[in-house]
Each structure stands twice: as structure tokens, then as C-alpha cells.
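Residue numbers (numbering that gives the first Met the number 0), protein chains in the order written: chain A, 0 to 419; chain B, 0 to 419. Here's the structure, in C-alpha cells; my notes come after.
Number of protein chains: 2
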Amino acid sequence: MAMALKKKPVTGMKDILPAEMEIRDYLIGLIKKTYKSFGFTSMETPCVEHIENLCSKQGGDNEKLIFKIMKRGEKLKIDQAKEENDLADGGLRYDLTVPLARYYANHSNELPAPFKALQIGNVWRADRPQKGRFRQFMQCDIDILGEASALAEIELILATTAMLGKLDFKNFTVCINDRGILRAMAAYSGFKEEDYDEVFIILDKMDKIGAEGVENELIEMGYAKENVETYLKLFDEVSADVTGIHYLKEKLGEYLPEETAQSMELIMSSVEEAKECEFNLKFTPTLVRGQSYYTGTIFEVTMDDFGGSVAGGGRYDRMIGKFTGQDTPACGFSIGFERIVMLLLENGYKVPAAKEKKAYLLEKKLPKESMLKVLAMAKKDREEGKQVLIVNMKKNKKFQKEQLTGEGYADIVDCYADRL
Amino acid sequence: MAMALKKKPVTGMKDILPAEMEIRDYLIGLIKKTYKSFGFTSMETPCVEHIENLCSKQGGDNEKLIFKIMKRGEKLKIDQAKEENDLADGGLRYDLTVPLARYYANHSNELPAPFKALQIGNVWRADRPQKGRFRQFMQCDIDILGEASALAEIELILATTAMLGKLDFKNFTVCINDRGILRAMAAYSGFKEEDYDEVFIILDKMDKIGAEGVENELIEMGYAKENVETYLKLFDEVSADVTGIHYLKEKLGEYLPEETAQSMELIMSSVEEAKECEFNLKFTPTLVRGQSYYTGTIFEVTMDDFGGSVAGGGRYDRMIGKFTGQDTPACGFSIGFERIVMLLLENGYKVPAAKEKKAYLLEKKLPKESMLKVLAMAKKDREEGKQVLIVNMKKNKKFQKEQLTGEGYADIVDCYADRL
Chain A
0 MAMALKKKPV
10 TGMKDILPAE
20 MEIRDYLIGL
30 IKKTYKSFGF
40 TSMETPCVEH
50 IENLCSKQGG
60 DNEKLIFKIM
70 KRGEKLKIDQ
80 AKEENDLADG
90 GLRYDLTVPL
100 ARYYANHSNE
110 LPAPFKALQI
120 GNVWRADRPQ
130 KGRFRQFMQC
140 DIDILGEASA
150 LAEIELILAT
160 TAMLGKLDFK
170 NFTVCINDRG
180 ILRAMAAYSG
190 FKEEDYDEVF
200 IILDKMDKIG
210 AEGVENELIE
220 MGYAKENVET
230 YLKLFDEVSA
240 DVTGIHYLKE
250 KLGEYLPEET
260 AQSMELIMSS
270 VEEAKECEFN
280 LKFTPTLVRG
290 QSYYTGTIFE
300 VTMDDFGGSV
310 AGGGRYDRMI
320 GKFTGQDTPA
330 CGFSIGFERI
340 VMLLLENGYK
350 VPAAKEKKAY
360 LLEKKLPKES
370 MLKVLAMAKK
380 DREEGKQVLI
390 VNMKKNKKFQ
400 KEQLTGEGYA
410 DIVDCYADRL
Chain B
0 MAMALKKKPV
10 TGMKDILPAE
20 MEIRDYLIGL
30 IKKTYKSFGF
40 TSMETPCVEH
50 IENLCSKQGG
60 DNEKLIFKIM
70 KRGEKLKIDQ
80 AKEENDLADG
90 GLRYDLTVPL
100 ARYYANHSNE
110 LPAPFKALQI
120 GNVWRADRPQ
130 KGRFRQFMQC
140 DIDILGEASA
150 LAEIELILAT
160 TAMLGKLDFK
170 NFTVCINDRG
180 ILRAMAAYSG
190 FKEEDYDEVF
200 IILDKMDKIG
210 AEGVENELIE
220 MGYAKENVET
230 YLKLFDEVSA
240 DVTGIHYLKE
250 KLGEYLPEET
260 AQSMELIMSS
270 VEEAKECEFN
280 LKFTPTLVRG
290 QSYYTGTIFE
300 VTMDDFGGSV
310 AGGGRYDRMI
320 GKFTGQDTPA
330 CGFSIGFERI
340 VMLLLENGYK
350 VPAAKEKKAY
360 LLEKKLPKES
370 MLKVLAMAKK
380 DREEGKQVLI
390 VNMKKNKKFQ
400 KEQLTGEGYA
410 DIVDCYADRL
């Protein structure tokens, strides 16, 4: 008697069917090839991390989203357990950044300096399930550790955009800002440092509620009308290209550190000159990005035909120090792998230069000698670079051929013993 | 004050450094390319499975090795929990076969028939840590579901050996047997069906303890001396090529099902004729393979310079039915990904046709105009297919260059503003 096993995947996670896998495999290949051409090297950490590292507040709100791994054997003491972390000693990683910091701390002596890391791997978050968002999803990060200069940002942006360009994405925009500019604009407008976080959370809504909405919310929160008006006037006056930086440099004076302005100018002009595909580069002083670990430049990629960002990143010079006790300059760019796959699927993207697919249909009970002939032909086809399928002929051969045509088999050969 | 975070990976799992990643990335690319050329298609399941599916005895002894995932939120009732499975609702998969069976049961209407699946993914087992064995490791399986004929075995063996051949492995051996032959030899010798499992466990030690050792153990277990002698004489007389099958067909008479012998003959002669690289194909009547789910053919690949197998598989026609209620013919071949990586690393394997690597060393405070020149040169290099690294020059330039040379950068360009 067959046992009743569960057929569906676990809640919020998905099985990936062949058509989507074809795009994913192609995308992973393209990512590796492109990023390696920019000098990045692959690395990998285990999917399971120490529970202490995951719960260390590096990841902000992510702790409650962790899939925790139960202790095993004698270490698991169910009757003495009072809280969750008495029972767990590990958890599935919720991003690739905390594991990268641990990896770098553990291996910095064995790694090139600077270390240009490429990671492609799954992460897990026990979010409320919703359409298009899954509890296991692929992340793809590039990070440069040990490079304090703007060269890091320039290369991260050039590499990421080169990769997106190869997927025929048009009209995407790289938005760029710096935490130093965010702070300088707030300081110039008269906000106090302890209020910055709250002000930035409201500023971050500019896209959705507009300047007036931001103004209203800030005033509702009790900030001085004068400060709020000064603040919003700045955003109104600043332009979205490198002249916006020049304007702020003059306007904000000593509130804006000289090196922040210089670095932004260098990044923007270098990227404009050296970019490998067409896109818009946009100085975006309203860009906040949520993660508290960013310390300098922040950037993201948005697409006209997609609400929300498809890539994001920035500089986080003080995270590695949490592991090593010594700060290491660090900057990263993460592409939204799943979003890009979704966009490609929706656009009916065809993987380019896929191999020619050929199928041999074998007559029922094909004698051994004929089978050997087919195997020899298939071998020759593969040597010519084809993908070859050998299958037994079904009763409904017409239907079988339609199915194979649908799977991309352009050349289908009937194999009867008397005709080989 | 920096917090003390843990730098080492969790017990029994490992960080993968760039040199090993280069080999892993290459191997994954080669596997995908080769198997796709045999008509296999990629598929993927979540790393987390239902705890019920993992604990359903499909995997035999694997249950106690499962990393269990704790329930979350209100579902976790620590004070009411009596045993482990009150606290867990999922677990990390310990192989790719149980998830494949679930996937096929869930999606068979959306999949080609037969379904030729390629899976490359991590699995987790909480084994006692030991040298060279890790608690997270990559598995790489190909399976053909819905193909009852020997065509499945032939293609699995041809594809797996073609892949190994492309890695320049020489002198490997494909050992092949059939559960039906195992049973027929035991029946002919007078063993009772209920004793087969015990007999086969002892037979499986032939490699280690020799025929005499097997004989002694069987007699110690209380089996009739006459049966044991008949049994061992069979192994002594049978040859390791297809004539061994002919011999058994005659000798065992009706104990050996006609279709088992025919299928073995067809597989062996087809593989010999159509194989795409040099290897030994060896009929191995002592081959047992532990997994209880095998129902017919079993096979494995051994290498002269490596104790133990580097790949294994067989037919398991009754597992899918555990999910669907209806048996589906199934046959698979799994390569020991981690063992192969280890062998390649030990042999100092060089990834073939790696891109030419070029590095630009930038003088300190290189002016923007010069930087742009370097970025333009790098772009051109990439267009020519090179991997390009741009880094700031260090104080000890000689040491830096030695390091880069060690990383494979053959062409290193000093970039001074006055010489660009």
C-alpha cells in the first residue's frame, strides 16, 4: 500500500520547471562570465550559519525571518528549553553579506587584496508568502573588500550594468547617492543628527507620496516648518546629473565633506564615459536604501517596465570589523536574480545561441543492431554540438512529435529497423 | 566595541576558496553542457523538504542525519513539545532522489515523458565530521523517469562516462549488475528469500575480505556449507564481460528471468559499442549497492587511483509510486561531485581554455583622465575575451605583482599618468 507523501513543496518555496531552469542556467552562466571578465572570483559559504552570527543585528529586521536549525543528539534538551534559541544552533542564511563578512574574517590571509568576490546562492526568509515572493530565493552579489577608493564603486556599477545590457534590457536607470550627502542635506536644513533616521524613512517615500506628502509627514512629525521647507527646496533645485553634485558642493558648503563630493563626481563621470551599454545614470538625492549597514555610496537599478529595483548596493565600511575587530573598506552590488528571471519569463525571453535540438524516435522493439546505428548517429550529432534526445516511439506518434516540437526539437527522426 | 562573532563556518561545513571554486564552476558548466547534449533538462527543488517526506524511510538510515528546521511563530509550542518532530516541520534534503520523486508526482502532467532530469544541488547530512567528508555537499544526479526499457540505462551510462572522459580521467571502470541476478544467484545456491538481504550485506564485503572471508562469515551466520560453496563457486566461474551473463543464463536456468539477462546483454553491448571515451565495462555480480530502493540494474564507477566509487546509480521502479500511488519506471546515475573535485584538486588539474587574465596597476591618485584611459583599455580587453583586473598599486609593487602572477595574471600593466 502506497504511503501518503506530500506532493507539494513546503509552504512558500517552489519547484522549478525545465522552461524556467533554462533561463536560470543561462543567466547564471552569463553572470559568471561577465563578472569574471571584470576580475571577480567565485566564492561560496555554507547555507547554514551560526545562529549567533545571524542574530547579531547585522541584518536588522531579518532575525525573525530566520529558518532555525534544531540542535541534534545530546545537545538537544527539549525538556529544559525555555526559548527558541535554546533549541537551535544554526540557521539558514538570510543574505550573502553576513556570510561574506565571516568568510573574509576567516580567510583574509588566503585571499587577494583587494578581494573581488562573486557569490551566487540561495538565501531563505520566512516571510509571509505572497505572489512572486518566495521563502527560498537566489541572490547574486558582487563585493569588493579592501578597496577604499571610488574604483570599487566604478567597477561594481560597470560590471552590473554590462551584465544587464547583455540581457537586452533597455532604458534602465542607475540611481546613485551617498549617505554623506543625505546627512549633509539634513544638517544644512537644520535637522538634528538623532532625527536623521526618522527623516530619511519619510524621505524614502518621495516616489510614492511626492514632495508634498513628504512635507506633510515631516511637519506632522513635529519638525520645524522652516527646516522642512529648506530641505524640500534643496531636492527641488538639485539636478540629476553630475551638476547636481556641483550645486550641492556650493550650496551645502562645509556640511558636505569634500571627499564625498569628489568621489561622487569621479564615479559619475567615469561610469558615463566607460559604460558598456546604454543606461541612464541619475544622481538621486532622495535615494535612502534601508539597510543600516551602509556607510557611504548607495545605488540601485530601476527599470521603466518594472516597479521597484532590480539591483541595489552600496558601501559598508564598518561591517567586516564586527568580525575582525578591524574595519575593512567594503562595497557591494546585488542583483535581484529572481526579479530578473521573472522579467525575462514575462517578456518571453529566448535564450540566445541555444544548441540545435534533435530527437530520434525508436520503433518498438528496435533490434540491437539498429539501436547501435542510432547511438552512433547521436554521438556524431553531439560532436557537432547538438542536443540529442533518443526516445521510444509512442502509440500516438503525431502527438509525441507535437510535444517534442514544443520542447524545441526542430529535427525529429523516425527510426525503423528496415529504414536505418 | 566590536562584537565577538564566529569566524569559522558551522561544524562540518566548509567555506570554498577561489582556487577550488574555479574548478567547481568549470565542472558544473561541463556537467550541464554534457548532460544537456544527451537530452537531459535541468530542474530544481527547494533545499527544504517536508519533514514527513524525509522521515518516510525512503532514504533508509538517513533520518537520523537530517538537519531539522524548527516551526515558526504560533506553530512552535516549546512547552508542549515531547519529541523532536513536535518542534520541526521541515528538514534539509539529504539526497536529490526523494525530492525528485515528489517533484515528479507534483508536476508529471507538465513534464516531458519520459522525463530526463538533471539536478545539481547541495544536500545535507549530520554525519560525524571526518576528513574530506562534509555535512553540506553537492550532488549531481541524472534520472530518466517513465522509461522502462534498457535505453534508460544505456543513456545514463553513456552520458556519465562521456562527462568523466572530458575531465581526462583514464582507466576508470563501470561496474554493472542487476538485483535480479543477485537474487537468482542466491536462489540457485539454496538461500531463502528472507535471508537475501543478510547474504548480500556479507557479499558486499568481497572487495575487502575476499571470497574466503565471505565464505567464513556466511558459515558463521549459520548458512549451510553446501549452499555457501555453491554460491561462491558461481562467482568464481563467472567472467566480467557479457559472456558472464551468457554463462549465468545457462547455469541458473529459470532462476534468472529471461528479460533480466536480455536487458543486461543489451546494455553491455550497446555501451561497449557506443561509448564516447575509453573505460572498462565490467559485469560485477558481487556489486550490491546499499540503497534498498533499487529494483533492477545497479551500477557504479570506480577509479584505479581512488578507493571507492566516484559515481553510482540504478533502477528504482517503485519509488515514484510512493507519492503517486502508481509505479513509474525510474533509473538514475549520481556522480560524486565532491570526490571528483577532490581528485581534480589533488591532481593539480588546470581548468582548460580559461580566459587570459590581465591586470592594470594604477598609480596612487591617478588623475581622472588617466583613469578613463585605463577603463577604456580594460573594456577593449574584455571585448577580446580577457578577464581584466584593475587595482590600485601598492607600496610593495614587486610583491603585489608576484601575488597577481600566482593568481594567473600573465599580463600586468603599470599605469602612471605620465605614461598612458
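Cβ atoms here follow ideal geometry from the backbone N, Cα and C, with glycine treated the same way.
For B/P328, the number of other beta carbons within 10 angstroms of its own is at least 16, and it is reported as buried. The Cβ atoms of A/F171 and A/F37 lie no closer than 7 Å to each other. The shortest CA-to-CA distance from A/V340 to any of A/C174, A/C139, A/L280, A/K5 is the one to A/C139. Contact annotation: B/L64 and B/R127 have beta-carbon atoms that are not nearer than 7 Å. No Cβ of chain A is located within less than 7 Å of the beta carbon of B/Q138. Residue pairing of A/L388 in beta bridges, as defined by DSSP: A/A358.
In this structure, B/K354 and B/Q386 form a Cβ contact; the two beta carbons are roughly 5 Å apart against a cut-off of 8 Å.
Chain-ordered, the chain B residues with CB closer than 9 Å to the CB of A/F37 read A377, R381, Q386, V387, L388, I389. Beta-bridge annotation (DSSP): A/D413 is paired with A/L360.
Taken through DSSP and simplified to helix, strand or coil, B/K165 comes out as helix.
By the CB criterion at 7 Å, B/A310 and B/L251 fall outside the cutoff.
Scanning chain B for C-beta atoms nearer than 9 Å to the C-beta of A/C46 yields M12, C46, L91, N121, W123, Q135, reported in chain order. Collapsing the DSSP output to three states places B/D140 in a strand. Below the 7 Å Cβ cutoff, chain A contributes R101, A104, N105, F322 as neighbours of B/K6, in chain order. In the structure shown, the three-state DSSP call for A/D196 is helix. Here the region 259-274 of chain A makes no contact with the region 230-239 of chain A; the two share fewer than three CB pairs at distances below 8 Å. It is roughly 10 Å from the alpha-carbon of A/L99 to the alpha-carbon of B/K6. Rounded to the nearest whole angstrom, the CA to CA distance from B/D240 to B/T259 is 16 Å. By the neighbour-count criterion, in which a residue is buried when 16 or more other Cβ atoms sit within 10 angstroms of its Cβ, B/Q325 is exposed.
Ranked by Cα distance from A/T294, the first of A/A375, A/L29, A/V173, A/G179 is A/G179. According to the DSSP assignment, A/F37 belongs to no alpha helix (DSSP H), since it is labelled neither H nor E. Looking at A/E264, A/L117, A/I334, the one whose alpha-carbon comes closest to that of A/V300 is A/I334.
Around the C-beta of A/L344, fewer than 16 other C-beta atoms lie within 10 Å, and the residue is accordingly described as exposed. Residue pairing of A/V173 in beta bridges, as defined by DSSP: A/L280, A/V300. Annotated as distal: A/V9 and B/H245, with beta-carbon spacing of 7 Å or more. Following the DSSP letters along the chain, one finds B/D78 in no beta strand (DSSP E), marked with neither H nor E. Annotation: the continuous alpha helix (DSSP H) that includes A/D206 extends over 205-219. Shown here for B/A161: same chain residues with a beta carbon closer than 7 Å to its own, the five before and five after excluded, namely T33, E275, C276 in chain order. Against chain B, the CB of A/A409 has no partner CB under 7 Å away; the residue lies outside that interface. In the displayed model, B/G145 falls within coil according to three-state DSSP, outside both helix and strand. Looking at the DSSP output, A/H49 sits in a beta bridge with A/G89.
Taking 7 Å as the CB threshold, B/I180 stays off the interface with chain A. Beta-carbon to beta-carbon, B/G90 and B/K76 are separated by about 19 Å, too far to satisfy the 8 Å threshold. Sequence-distant Cβ neighbours of B/L388 in its own chain, meaning closer than 8 Å and more than five residues away, are K356, K357, A358, Y359, L403, Y408. For the pair B/P284 and A/E406, the CB atoms are not nearer than the 7 Å cut-off. The DSSP-derived three-state label of A/Q290 is coil.
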